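Residues in the sequence shown are numbered from 95 upward in steps of one, following this note's numbering.
Accompanying notes for the structure given below.
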Amino acid sequence: MLEEMIVSLIEKRKKILGAVIGFVTAVLLVEYGIVPTIFILLVTYLGYRIGDSNLTKKMKKKIIERLQD
Numbered sequence: 095m096l097e098e099m100i101v102s103l104i105e106k107r108k109k110i111l112g113a114v115i116g117f118v119t120a121v122l123l124v125e126y127g128i129v130p131t132i133f134i135l136l137v138t139y140l141g142y143r144i145g146d147s148n149l150t151k152k153m154k155k156k157i158i159e160r161l162q163d
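Have a look at this one:
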């Protein structure tokens with residue numbers, strides 16, 4: 095029974111993630127309003143992009159290239 099629940103959660107992980115993101119966004123909108131919510135989501139996205147290893151590697155390459163020139 096537990097295995098079936100885990101398999102079901104894994105198969106539906108995108109739906110669950112979408113529901114969680116929607117819920118968090120709705121709570122932010124109700125609690126803080128639209129402008130602060132947009133700011134929070136923007137900063138969260140920027141943090142995600144900066145934390146992405148591919149972006150970090152690209153930034154390091156560009157910095158090294160510019161320093162060598």
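Quick reminder that beta carbons are idealized off the backbone N, C-alpha and C, glycines included.
Bear in mind the structure is a predicted one, so any value in this text is a computation, not a measurement.
So what does DSSP say about residue i, is it helix, strand or coil?
i           : result
residue 153 : helix
residue 127 : coil
Which two residues bound the contiguous alpha helix (DSSP H) that contains residue i?
i          : result
residue 99 : 96-105
Does the distance from the C-beta atom of residue i to that of residue j stay below 7 angstroms?
i           : j           : result
residue 131 : residue 122 : yes
residue 136 : residue 143 : no
Out of the options, state which residue places its alpha-carbon closest to the alpha-carbon of residue i.
i           : options       : result
residue 138 : 100, 109, 118 : 118
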